[in-house]
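In the numbering used here, the protein residues as written are 151 to 894. All C-beta atoms in this analysis are idealised placements derived from N, C-alpha and C, irrespective of residue type, glycine included. Keep in mind the model is a prediction, meaning the values are calculated, not measured. Have a look at the structure below, then the notes.
Structure, rendered in structure tokens:
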């Protein structure tokens, strides 16, 4: 039989004529949907509106299950007839109900309820059902009469008789019930409760037919339903397994508490009133009495947030989490000693600042190098002009001291320029035969700290010395830049290794270098890796993939420049997600000492000199020579002064304002004995110009002059024809004579 659809309450007008209480209950909404007048009286509601507004949401779980079973039966077309006890306004009302499934507005499931007074003839049936339920329940239920002779068993269900077979009906004795309770104190408490007419609840160990078991016992005073005499209803549940589980749980709790007590973190339990209820030993060591008795001094603490507090001997991180203590809301305070972590972070910050400082100095050096070019041009003019002036003055000349002051100021300016370049490391450095293995080992601790604890660091240096002609400080910059670059690529951890090996390469495998023995240095990380587009520009100055303010883009450019200065090469192999591998080849030095580097340093000194050797004193003759010199200089004042110096030295000068003009002169079949050219010029560089001149004129000695730092002309720095600006007339003529006399 399908469920009836009730489209509106007007369909129910006929039920209003009935004296039988009728109502419709919305099962899903758990609310009354309609009731006739008799139904409203049953539910003690003053009106239908009041009944519909009543809250039925606090149904017991058993009631909800019962209604769900009704729903299933309604779906099968069945009706249900059962006895219910309702509590309209607190007082119980027992009625017999007939239930039918219906559908109300929007097709929602509901049930039509009709209540009739209980059928007295069925009370016996209900009683039998109650007895049947007692027979099959797992609880041990017994009823004892209480008299002067003690406890007399009136009734016991099968489970009770099975547990206590000696307690047959009619058995009696002053200690019959208490006798099975093994704990004497509990027995006394039971007897005292019975005498006082109070309920007794306890979890006890009792003697049963199955041996000693743990029972949850509830004894309630009541009356014998037959004679009204005092009685005791006893309900027992076997909780042995549960008790054993609790015992295991307690053991585990104690074990856990023991572990917590020795935990490396401090743990503190604070109740809602702010009182300390528990503190492990670590917490007491970290925070002392303050953690135990004066936790309020830490002030308001936000749940879940991390707070930094002072602890004994260092710094701690504190976190507050909600918990409970003995069934009451409480807070767990966790304190972790982060002193070593903070020290490591501080050290890392210091190292990062050191790297950033090196990068800033590199940027400063590049700026200084550019400024030095123009400044050195000016100083060259000042020094040359001042020396010309001093040549025509005697010691008593009125302006002799003024000229000397000009020369001294120019020399101080030259020294200042060199200092600026030294700050930025924009010079050729001091290359010497260096064991790079010793340098790497010396930096090992610094590299590990720079990488951090989240990166696995390995060194694998080949046997033997790693002798390379290089500035030691500059090599350290290579190592630290590669390490820092790997660290930045592995924010979530990874591994970084640096290894070396010696190798013999022929021209093909060494290209673009010459064949020979090299030391190969490989730095490999497991970071994020780079795309081919990024790899293409990775060594470009100021190129970076980092966020603004996180890098200058000069680290790897510096590595590239230093390696080039040392006569080596560097390459990178990388793919996105596959890490990066930097391979550096440096020529192995087979010499026995670093005399070559000392000679180079001495030669560099001779190019600059001190104030005492660079100013021509009165009467000092400039070196004289002969020959035709092609002078190429784009700065007019420097070109004019240089030509004047050369002419004073006996040379014929053909001056060109740039490379294109110089080539035009050369193509005009001009005979040239020596070329003197600036290195950096707008149209083309000095070396590029010389290459074309040599193709036109054949072999020629060349003097290169430059106001840039020597490192910007690294391919010229060790050539005999290089002369840095500013130069004195004597130094210039000496360099020209050296090359012409040497047949260069």
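Any idea what DSSP makes of residue 488, helix, strand or coil?
-> The residue you call residue 488 lines up with position 338 of the chain shown. The DSSP-derived three-state label of residue 488 is coil.
Buried or exposed for residue 206, please, with buried defined as at least 16 other CB atoms from any protein chain shown within 10 angstroms of its CB.
-> For the purposes of this step, residue 206 is taken as the residue at position 56 of the chain shown. Exposed, because fewer than 16 other Cβ atoms sit within 10 Å of the Cβ of residue 206.
Return the bridge partner residues of residue 233 from the DSSP annotation.
-> Walking along the chain shown from the start, residue 233 turns up at place 83. For residue 233, the pairing in a beta bridge is given by DSSP as 246.
Residue 215, DSSP secondary structure in three states = Residue 215 sits at position 65 when you count from the first residue of the chain shown. Under the three-state reduction of DSSP, residue 215 is assigned to helix.
Integer Cβ distance of residue 706 from residue 635, believed to fall under 8 Å | In the chain shown, counting from the first residue as 1, residue 706 sits at position 556. In the chain shown, counting from the first residue as 1, residue 635 sits at position 485. That belief holds up - the Cβ atoms of residue 706 and residue 635 are roughly 6 Å apart, short of 8 Å.
Within 8 Å, strictly: CB atoms of residue 823 and residue 778 | As a working mapping, residue 823 is identified with position 673 in the chain shown. As a working mapping, residue 778 is identified with position 628 in the chain shown. In this structure, residue 778 lies closer than 8 Å to residue 823 by Cβ.
Nearest-angstrom Cα distance between residue 543 and residue 825?
-> Locating residue 543 in the chain shown gives position 393, counting from the first residue. Locating residue 825 in the chain shown gives position 675, counting from the first residue. Going by the C-alpha atoms only, they are around 32 Å apart.
If you draw a straight line from the alpha carbon of residue 840 to that of residue 786, how long is it in whole angstroms?
-> If you number the chain shown from 1, residue 840 lands on position 690. If you number the chain shown from 1, residue 786 lands on position 636. For residue 840 and residue 786, the distance between alpha carbons rounds to 20 Å.
From the beta carbon of residue 674, is the nearest beta carbon of chain D less than 8 Å away?
-> No chain D appears in the structure shown, which is made up of a single protein chain.
Unbroken beta strand (DSSP E) run spanning residue 626, endpoints | Looking up residue 626 in the chain shown gives position 476. Judged by DSSP secondary structure, residue 626 falls outside any beta strand (DSSP E) and instead within the alpha helix (DSSP H) spanning 622-638.
What separation, rounded to the nearest whole angstrom, lies between the Cα atoms of residue 166 and residue 263?
-> By one-based count along the chain shown, residue 166 stands at place 16. By one-based count along the chain shown, residue 263 stands at place 113. Inter-residue distance for residue 166 and residue 263 is about 14 Å (C-alpha atoms, whole angstroms).
So is residue 801 buried or exposed if we call it buried at 16+ other beta carbons inside 10 Å?
-> Position 651 of the chain shown, counting from 1, holds the residue named residue 801. Label assigned to residue 801: buried.
Take residue 667 and list the residues in its own chain whose beta-carbon comes closer than 6 Å to its own, dropping the five residues that flank it on each side.
-> Numbered from its first residue, the chain shown carries residue 667 at position 517. Around residue 667, the same chain offers 654, 738 as residues with beta carbons nearer than 6 Å, after the five sequence neighbours per side are excluded.
Output the distance between the C-alpha atoms of residue 605 and residue 589, rounded to the nearest integer angstrom.
-> For this step, residue 605 is matched to residue 455 along the chain shown. For this step, residue 589 is matched to residue 439 along the chain shown. About 21 Å.
Are the CB atoms of residue 906 and residue 261 nearer to each other than 8 Å?
-> Only positions 151 to 894 of the chain appear in the structure, and residue 906 is not among them; the question remains open.
Closest Cα partner of residue 631 within the set 708, 460, 676 = By one-based count along the chain shown, residue 631 stands at place 481. Checked all of 708, 460, 676; the closest Cα to residue 631 is 708.
Could you check where the alpha helix (DSSP H) with residue 590 kicks off and where it finishes?
-> Translated into the one-based positions of the chain shown, residue 590 becomes position 440. Element bounds for residue 590: 586-601.
Can residue 417 and residue 484 be called in contact, C-beta distance under 8 Å?
-> Mapped onto the chain shown, residue 417 falls at position 267. Mapped onto the chain shown, residue 484 falls at position 334. Contact annotation: residue 417 and residue 484 have beta-carbon atoms nearer than 8 Å.
Please determine, among 831, 648, 180, 192, the residue with the shortest C-alpha to C-alpha distance to residue 209.
-> Numbered from its first residue, the chain shown carries residue 209 at position 59. Selected option, being the one with the closest Cα: 180.
Looking at residue 287 and residue 309, is the spacing between their C-beta atoms short of 8 Å?
-> Along the chain shown, read from residue 1 onward, the residue named residue 309 stands at position 159. Along the chain shown, read from residue 1 onward, the residue named residue 287 stands at position 137. Yes, the pair counts as a contact, with Cβ atoms nearer than the cut-off.
What beta strand (DSSP E) runs, 3 residues minimum, are completely inside the region 324-412?
-> Counting whole runs of 3 or more residues, the region 324-412 contains the beta strand (DSSP E) stretches 350-358, 361-373, 380-388.
C-beta contact flag for residue 722 and residue 685 at 8 Å | Position 572 of the chain shown, counted from the first residue, corresponds to residue 722. Position 535 of the chain shown, counted from the first residue, corresponds to residue 685. Against a cut-off of 8 Å, the Cβ pair of residue 685 and residue 722 comes out as a contact.
Look at residue 291 and residue 430 and say whether their C-beta atoms are less than 8 Å apart.
-> For the purposes of this step, residue 291 is identified with residue 141 of the chain shown, where counting begins at 1. For the purposes of this step, residue 430 is identified with residue 280 of the chain shown, where counting begins at 1. No Cβ-Cβ contact shorter than 8 Å links residue 291 with residue 430.
Any idea which residues DSSP pairs residue 696 with across the strands?
-> The sequence position of residue 696 within the chain shown is 546, counting from 1. In DSSP, residue 696 forms no bridge with anything.
Distance CB(residue 640)-CB(residue 610) smaller than 8 Å = For the purposes of this step, residue 640 is taken as the residue at position 490 of the chain shown. For the purposes of this step, residue 610 is taken as the residue at position 460 of the chain shown. The Cβ-Cβ distance between residue 640 and residue 610 does not fall below 8 Å.
Is residue 532 helix, strand or coil by DSSP?
-> Counting from one through the chain shown, the residue named residue 532 turns up at place 382. Three-state result, residue 532: helix.
Residue 666 bridges to which residues according to DSSP?
-> Position 516 of the chain shown holds residue 666. Paired residues: 655.
Paired residues, beta bridge with residue 801 - DSSP | Position 651 of the chain shown, counted from the start, is the residue given in the question as residue 801. According to DSSP, which records beta bridges pairwise, residue 801 is partnered with nothing at all.
Which listed residue (253, 388, 627) has its alpha carbon closest to that of residue 362 | Taking the first residue of the chain shown as 1, we reach residue 362 at position 212. That would be 388, whose Cα lies nearest to the Cα of residue 362.
Exposed or buried, which one is residue 765 when buried takes at least 16 other CB atoms within 10 Å?
-> Here residue 765 corresponds to residue number 615 of the chain shown, with the count starting at 1. With a pLDDT of 39 at residue 765, under the threshold of 50, the predicted position of this residue should be treated as unreliable, though the coordinate-derived value follows. Buried is the call here.
What is the rounded straight-line gap between the Cα of residue 154 and the Cα of residue 256?
-> The count along the chain shown starts at 1 and reaches residue 154 at position 4. The count along the chain shown starts at 1 and reaches residue 256 at position 106. Computed Cα separation, rounded: 13 Å.
Same chain only: Cβ atoms within 7 Å of residue 754, ignoring 5 sequence neighbours per side | Position 604 of the chain shown, counting from 1, holds the residue named residue 754. Residue placement at residue 754 is flagged as unreliable, the pLDDT there being 39, under the threshold of 50; the coordinate-derived value follows with that caveat. Nothing listed; no residue qualifies.
So, is residue 356 buried or exposed, given that buried needs 16 or more other C-beta atoms within 10 angstroms?
-> One-based indexing of the chain shown puts residue 356 at position 206. Here residue 356 is buried, its C-beta having at least 16 other C-beta atoms within 10 Å.
Anyone know if the C-beta pair for residue 669 and residue 616 falls short of 8 Å?
-> In the chain shown, residue 669 corresponds to position 519, counting from 1. In the chain shown, residue 616 corresponds to position 466, counting from 1. Contact flag set, yes.
Excluding sequence positions up to five away, which residues of its chain have a Cβ less than 8 Å from the Cβ of residue 315?
-> Along the chain shown, one-based indexing puts residue 315 at 165. If we look at residue 315 and ignore the five residues flanking it on each side, its Cβ neighbours are 359.
Decide if the region 847-857 is in contact with the region 884-892; the criterion is three or more beta carbon pairs, one per stretch, under 8 Å apart.
-> Segments in contact, yes.
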